[in-house]
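K.L.:
There are 2 protein chains.
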Amino acid sequence: MNKIDIEVSEVGPRDGLQSISQIMSTESKKRWIEALALAGIPEIEVGSFVPARIFPQLADTMEIAKFAKTIEGLKVAALVPNLKGAENAILAGVDKLTIPLSVSETHSMRNVNRTHDQMLDEVKRIVELIRDLPIDERPLIEGALSTAFGCTIEGSISEDRVVELAEALMEAGCSEVGLSDTTGYANPVQVKRLIGKVWDAIGRDHLTGIHLHNTRGQGLANVLAAVEVGLTTVDSSMGGIGGCPAAPGASGNIVTEDLVFLLEAMGLKTGIDFDKLLDARDVVARALPDVELYGFTPNAGLPLGSSLA
Amino acid sequence: MNKIDIEVSEVGPRDGLQSISQIMSTESKKRWIEALALAGIPEIEVGSFVPARIFPQLADTMEIAKFAKTIEGLKVAALVPNLKGAENAILAGVDKLTIPLSVSETHSMRNVNRTHDQMLDEVKRIVELIRDLPIDERPLIEGALSTAFGCTIEGSISEDRVVELAEALMEAGCSEVGLSDTTGYANPVQVKRLIGKVWDAIGRDHLTGIHLHNTRGQGLANVLAAVEVGLTTVDSSMGGIGGCPAAPGASGNIVTEDLVFLLEAMGLKTGIDFDKLLDARDVVARALPDVELYGFTPNAGLPLGSSLA
Numbered sequence: 001m002n003k004i005d006i007e008v009s010e011v012g013p014r015d016g017l018q019s020i021s022q023i024m025s026t027e028s029k030k031r032w033i034e035a036l037a038l039a040g041i042p043e044i045e046v047g048s049f050v051p052a053r054i055f056p057q058l059a060d061t062m063e064i065a066k067f068a069k070t071i072e073g074l075k076v077a078a079l080v081p082n083l084k085g086a087e088n089a090i091l092a093g094v095d096k097l098t099i100p101l102s103v104s105e106t107h108s109m110r111n112v113n114r115t116h117d118q119m120l121d122e123v124k125r126i127v128e129l130i131r132d133l134p135i136d137e138r139p140l141i142e143g144a145l146s147t148a149f150g151c152t153i154e155g156s157i158s159e160d161r162v163v164e165l166a167e168a169l170m171e172a173g174c175s176e177v178g179l180s181d182t183t184g185y186a187n188p189v190q191v192k193r194l195i196g197k198v199w200d201a202i203g204r205d206h207l208t209g210i211h212l213h214n215t216r217g218q219g220l221a222n223v224l225a226a227v228e229v230g231l232t233t234v235d236s237s238m239g240g241i242g243g244c245p246a247a248p249g250a251s252g253n254i255v256t257e258d259l260v261f262l263l264e265a266m267g268l269k270t271g272i273d274f275d276k277l278l279d280a281r282d283v284v285a286r287a288l289p290d291v292e293l294y295g296f297t298p299n300a301g302l303p304l305g306s307s308l309a
Numbered sequence: 310m311n312k313i314d315i316e317v318s319e320v321g322p323r324d325g326l327q328s329i330s331q332i333m334s335t336e337s338k339k340r341w342i343e344a345l346a347l348a349g350i351p352e353i354e355v356g357s358f359v360p361a362r363i364f365p366q367l368a369d370t371m372e373i374a375k376f377a378k379t380i381e382g383l384k385v386a387a388l389v390p391n392l393k394g395a396e397n398a399i400l401a402g403v404d405k406l407t408i409p410l411s412v413s414e415t416h417s418m419r420n421v422n423r424t425h426d427q428m429l430d431e432v433k434r435i436v437e438l439i440r441d442l443p444i445d446e447r448p449l450i451e452g453a454l455s456t457a458f459g460c461t462i463e464g465s466i467s468e469d470r471v472v473e474l475a476e477a478l479m480e481a482g483c484s485e486v487g488l489s490d491t492t493g494y495a496n497p498v499q500v501k502r503l504i505g506k507v508w509d510a511i512g513r514d515h516l517t518g519i520h521l522h523n524t525r526g527q528g529l530a531n532v533l534a535a536v537e538v539g540l541t542t543v544d545s546s547m548g549g550i551g552g553c554p555a556a557p558g559a560s561g562n563i564v565t566e567d568l569v570f571l572l573e574a575m576g577l578k579t580g581i582d583f584d585k586l587l588d589a590r591d592v593v594a595r596a597l598p599d600v601e602l603y604g605f606t607p608n609a610g611l612p613l614g615s616s617l618a
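Chains as they are written, first to last, in our numbering: chain A, 1 to 309; chain B, 310 to 618.
Rendered as structure tokens:
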């Protein structure tokens with residue numbers, strides 16, 4: 001495999017599907033994930049190990065995760081809000097558990113009904129569970145700091161608090177932390193500053209990824225800020241579907257298709273084939289005919305003479 | 310007036326209106342320009358001095374320009390493709406003439422039916438015309454290098470050619486040059502590199518502005534690149550309306566509303582009041598009910614606790 005500069009982590013099957021009312025069939029999810037992997041997407045967050053009554057859209061996460069694990073070379077990630085979810089994720093054999101910790105405690109209560117201390121205790125229990133596994137079966141654990149750039153309920157978020165919680169997550173045993181702009185509040189100056197502060201506290205190797213929303217159209221500008229300072233993993237969602245149901249007004253992940261164009265046009269290798277990415281978009285369009293797909297590059301097409309074509 | 314870090318130059322009344330089929334009434338244009346100025350937009354490109362048979366949408370440019378000149382403190386710009394247009398612009402008393410020179414000679418032929426040499430000769434004639442005016446009545450002359458980042462007909466564009474034409478425009482007597490991504494081909498690395506090359510050739514003071522399209526969703530990332538290296542004027546269009554009728558597939562200026570949010574959120578002062586900007590958007594929405602207005606921030610609203618609110 002050729003060298004990759006930036007890893008695009010597709011979160012559509014989790015973050016996208018959880019926030020739309022239409023339910024994608026299990027077969028369509030499999031075809032979508034297959035098409036994404038075929039296009040060269042290196043990592044996919046395939047679902048969330050939560051009770052089906054909370055997100056019926058993701059009730060088949062176990063089957064989807066097991067299927068995704070049959071695809072050679074694909075890193076399979078899943079969201080787990082608690083120990084029970086982690087147990088299921090381990091059963092499915094996923095490579096990475098993402099545990100959300102909302103820096104806004106109000107948002108944390110609404111989203112998972114837990115305080116910061118309760119979430120950190122849950123992280124510790126998950127870490128203990130994983131330490132009992134043989135070394136080569138242990139998934140990575142990412143502590144995902146959501147609402148890190150602002151909260152629709154609390155407003156602005158203290159950057160010191162973000163740093164403290166990043167440290168607490170590492171102390172609890174996470175492999176790494178990630179920053180999430182759950183609400184689409186981030187701006188490029190803030191992105192660079194906050195990454196720097198977290199790096200100063202926990203080291204560059206322990207924060208490599210960012211999850212940005214395009215709620216106010218700032219998504220790709222924020223990506224540019226993040227990759228300019230040296231982050232190497234960027235979450236995105238095919239067609240920009242998704243958002244956060246517990247943060248009113250916050251909708252729309254950044255669009256995978258436009259993100260890949262941005263990175264490749266700048267000379268940053270993603271390992272992704274753009275035409276095959278559009279094939280995966282077609283799978284989504286057919287499976288969710290009533291859901292609006294965002295993204296400009298799919299409609300405009302690649303520039304004449306683009307190296308991506 | 311407070312210090313402004315970045316000048317937002319609204320091009321909707323020209324670039325926006327010329328590329329939609331619906332014609333905005335003269336009265337609506339006046340109300341729109343008035344509302345934009347009231348919101349603090351410092352410069353507006355109010356129209357194009359071209360024959361009405363080419364752009365019937367802009368047939369009232371003389372009246373609009375004269376009206377705009379009655380608004381105190383507003384810099385009034387207009388596009389002029391030739392000497393006749395410049396004569397009319399001078400009659401209207403505009404502050405700045407923008408003369409387009411497409412780096413793609415194929416695009417230049419299709420857009421204004423002139424070669425590079427013919428356009429440069431026209432620029433020289435306009436410069437002579439202006440030199441005959443009293444010093445305090447002379448408008449600025451911007452040579453706008455369109456298709457500077459790529460052309461839908463020719464494909465990639467030589468950066469050396471952009472630099473040569475920037476030098477030629479300055480030698481012909483322009484006050485400054487601007488770079489235009491007419492086709493939405495630009496990426497942030499290219500934006501920074503090309504600005505640097507042009508600065509090396511003609512000096513920083515003679516390139517301060519950039520005109521970006523959002524055809525592939527890259528507009529604000531490219532703005533970030535431009536302001537990071539130090540450009541101080543950014544063109545945009547309210548609601549993102551507009552494009553270039555002679556460059557097939559190229560549509561959509563960057564959205565003024567999202568641009569202002571980006572800049573202000575980064576701490577760059579624009580002098581613009583966001584709520585009043587939305588009032589101006591309402592004028593457009595009412596005047597052009599069949600035209601889709603783009604932009605995310607108007608729908609999502611400002612972040613809770615935003616200093617812009």
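Even glycine gets a Cβ: it sits at the ideal position worked out from N, Cα and C. All values derive from a computational prediction rather than experimental measurement.
(1) Beta-carbon within less than 7 Å of A280/A's beta-carbon, same chain only, minus the 5 sequence neighbours each way: which residues are those?
(2) Could you list the residues in the region 210-225 of chain A with a C-beta less than 8 Å from some C-beta on chain B, going in chain order?
(3) Per DSSP, what are the beta-bridge partners of G12/A in this structure?
(4) Taking three-plus beta-carbon pairs below 8 Å as touching, is the region 415-425 of chain B in contact with the region 438-453 of chain B?
(5) Could you check whether A387/B and L410/B sit closer than 8 Å to each other, using their CB atoms as the reference points?
(6) Could you check whether the Cβ of F261/A sits closer than 8 Å to any Cβ belonging to chain B?
(7) Can you give me, in chain order, the residues of the region 595-613 of chain B that have a beta carbon less than 7 Å from any beta carbon in chain A?
(8) Beta carbon of D15/A, beta carbon of G242/A: below 8 Å?
(9) May I ask which residues mark the beginning and end of the alpha helix (DSSP H) holding H522/B?
(10) Assign V384/B to one of two classes, buried (16 or more other C-beta atoms within 10 Å of its C-beta) or exposed (fewer than that).
(11) With H, G and I counted as helix, E and B as strand and the rest as coil, what does DSSP make of D121/A?
(12) Going by beta carbon distance, what residues of the same chain come within less than 7 Å of A559/B, once the five residues before and after it are set aside?
(13) Are E352/B and S318/B closer than 8 Å when you measure CB to CB?
(14) Using a C-beta to C-beta distance shorter than 8 Å, which residues of chain B count as neighbours of D258/A?
(15) Taking DSSP as the reference, what is the three-state secondary structure of T115/A?
(16) Among residues of its own chain, excluding the 5 on either side of S156/A, which ones have a beta-carbon nearer than 7 Å to its beta-carbon?
(17) What residues are listed by DSSP as bridge partners for G143/A?
(18) Within the 8 Å Cβ cut-off, does A148/A reach chain B?
(19) Hey, does N187/A have any beta-carbon neighbour from chain B nearer than 8 Å?
(20) Determine the DSSP secondary structure at A250/A, reduced to helix, strand or coil.
(21) Mind reading off the beta-carbon distance from I210/A to S236/A? Whole number of angstroms is fine, and I expect it under 8 Å.
(22) Give a yes or no on whether the C-beta atoms belonging to L571/B and V538/B are separated by under 8 Å.
(23) Against chain A, with Cβ distances strictly below 8 Å, would S413/B count as a contact?
(24) Assuming Y294/A contacts G240/A under a Cβ cut-off of 8 Å, what Cβ separation, rounded to an integer in Å, is found between them?
(25) Going by DSSP, which residues form a beta bridge with S546/B?
(26) Which residues of chain B have a Cβ atom closer than 7 Å to the Cβ of S344/A, listed in chain order?
(27) Any beta carbon of chain B sitting closer than 8 Å to that of A144/A?
(28) Measuring only between beta-carbons, confirm whether A265/A sits less than 8 Å from chain B.
(29) On a Cα-Cα basis, can you pick out the residue from F583/B, P448/B and E476/B that is closest to L673/B?
(30) Could you tell me the boundaries of the beta strand (DSSP E) in which A309/A lies?
(31) Who does S357/B pair with in a DSSP beta bridge?
(32) For L91/A, count the other beta carbons within 10 Å of its own beta carbon; 16 or more makes it buried, fewer makes it exposed. Which is it?
(33) Could you work out which residues of chain B lie near G184/A, taking near to mean beta carbons separated by less than 9 Å?
(34) Under the three-state reduction of DSSP, which class applies to E264/A: helix, strand or coil?
(35) Would you kindly check if the distance between the Cβ of L207/A and the Cβ of E159/A is under 8 Å?
(36) Ignoring anything shorter than 3 residues, give me the beta strand (DSSP E) runs that lie fully in the region 145-207 of chain A, in order along the chain.
P.N.:
According to the data block:
(1) For this step, residue 280/A is matched to residue 280 along the first sequence. Same-chain partners within the cutoff: W32, A35, L36, A39 and M238.
(2) N214, T215, R216, G217, Q218, L220, A221, V223, L224 and A225
(3) For the purposes of this step, residue 12/A is taken as the residue at position 12 of the first sequence. For G12/A, which the question treats as bridged, DSSP gives no partner whatsoever.
(4) no
(5) Your numbering for residue 410/B matches position 101 in the second sequence. Your numbering for residue 387/B matches position 78 in the second sequence. Contact flag unset, no.
(6) Reading the first sequence from its first residue, position 261 is the one you call residue 261/A. F261/A counts as touching chain B.
(7) G604, F605, T606, A609, G610, P612 and L613
(8) Within the first sequence, the letter at position 15 stands for residue 15/A. Within the first sequence, the letter at position 242 stands for residue 242/A. Taking 8 Å as the Cβ cut-off, D15/A and G242/A qualify as a contacting pair.
(9) Mapped onto the second sequence, residue 522/B falls at position 213. Per DSSP, H522/B belongs to no alpha helix (DSSP H) and is neither H nor E.
(10) Counting from one through the second sequence, the residue named residue 384/B turns up at place 75. Note on residue identity: the sequence assigns Lys, not Val, to residue 384/B. Flag for K384/B reads buried.
(11) As a working note, residue 121/A is residue 121 in the first sequence. Correct three-state label for D121/A: helix.
(12) Within the second sequence, residue 559/B is the residue found at index 250, counting from 1. The pLDDT assigned to A559/B is 48, lower than 50, so where the model puts this residue is not dependable, and the model offers no usable value.
(13) Along the second sequence, read from residue 1 onward, the residue named residue 352/B stands at position 43. Along the second sequence, read from residue 1 onward, the residue named residue 318/B stands at position 9. Contact flag set, yes.
(14) Taking the first sequence and counting its residues from 1, one reaches residue 258/A at position 258. Ordered by position in chain B, the residues that pass the 8 Å Cβ test against D258/A are R525, G526 and Q527.
(15) Taking the first residue of the first sequence as position 1, residue 115/A is located at position 115. Residue state, collapsed to three classes: coil.
(16) Counting from 1 along the first sequence, the entry for residue 156/A is found at position 156. Correct list, in chain order: G150.
(17) Your numbering for residue 143/A matches position 143 in the first sequence. Answer is I99/A and V177/A.
(18) Counting from one through the first sequence, the residue named residue 148/A turns up at place 148. Any Cβ of chain B closer than 8 Å to the Cβ of A148/A would place that residue at the interface, and such an atom is absent.
(19) For the purposes of this step, residue 187/A is taken as residue 187 along the first sequence, with counting starting at 1. Yes, its Cβ sits closer than 8 Å to a Cβ of chain B.
(20) For the purposes of this step, residue 250/A is taken as the residue at position 250 of the first sequence. Interpretation of A250/A is limited by its pLDDT of 49, a score under 50 that renders its predicted location unreliable; the figure taken from the coordinates is listed afterwards. For A250/A, the three-state secondary structure derived from DSSP is coil.
(21) As a working note, residue 210/A is residue 210 in the first sequence. As a working note, residue 236/A is residue 236 in the first sequence. Going by Cβ atoms, the distance from I210/A to S236/A rounds to 10 Å, so no, they are not a contact pair.
(22) Along the second sequence, read from residue 1 onward, the residue named residue 571/B stands at position 262. Along the second sequence, read from residue 1 onward, the residue named residue 538/B stands at position 229. Their beta carbons are not under 8 Å apart, which means L571/B does not touch V538/B by this criterion.
(23) Sequence index remark: in the second sequence, residue 413/B carries index 104 (1-based). Taking Cβ atoms only, chain A never reaches closer than 8 Å to S413/B, which makes this a no.
(24) In the first sequence, counting from the first residue as 1, residue 294/A sits at position 294. In the first sequence, counting from the first residue as 1, residue 240/A sits at position 240. Contact holds; Cβ gap of about 3 Å.
(25) Reading the second sequence from its first residue, position 237 is the one you call residue 546/B. Answer is V564/B.
(26) No information on residue 344/A is available, as it lies outside the stretch 1 to 309 that chain A covers here.
(27) Numbered from 1 along the first sequence, position 144 holds the residue referred to as residue 144/A. A144/A does not count as touching chain B.
(28) To locate residue 265/A, count along the first sequence from 1; it is residue 265. True, the Cβ-Cβ gap to chain B drops below 8 Å.
(29) Nothing about residue 673/B can be reported from this structure: the residues present for chain B run from 310 to 618 only.
(30) The residue given as residue 309/A occupies position 309 in the first sequence. Per DSSP, A309/A belongs to no beta strand (DSSP E) and is neither H nor E.
(31) Locating residue 357/B in the second sequence gives position 48, where the first residue counts as 1. Bridge partners of S357/B: L388/B.
(32) The residue given as residue 91/A occupies position 91 in the first sequence. By the 10 Å Cβ count, L91/A comes out exposed.
(33) On the first sequence, residue 184/A is found 184 positions in, with the first residue counted as 1. Here the neighbours are F605, A609 and P612.
(34) The sequence position of residue 264/A within the first sequence is 264, counting from 1. Reduced to three states, the DSSP call for E264/A is helix.
(35) As a working mapping, residue 159/A is identified with position 159 in the first sequence. As a working mapping, residue 207/A is identified with position 207 in the first sequence. In this structure, L207/A does not lie closer than 8 Å to E159/A by Cβ.
(36) 176-181
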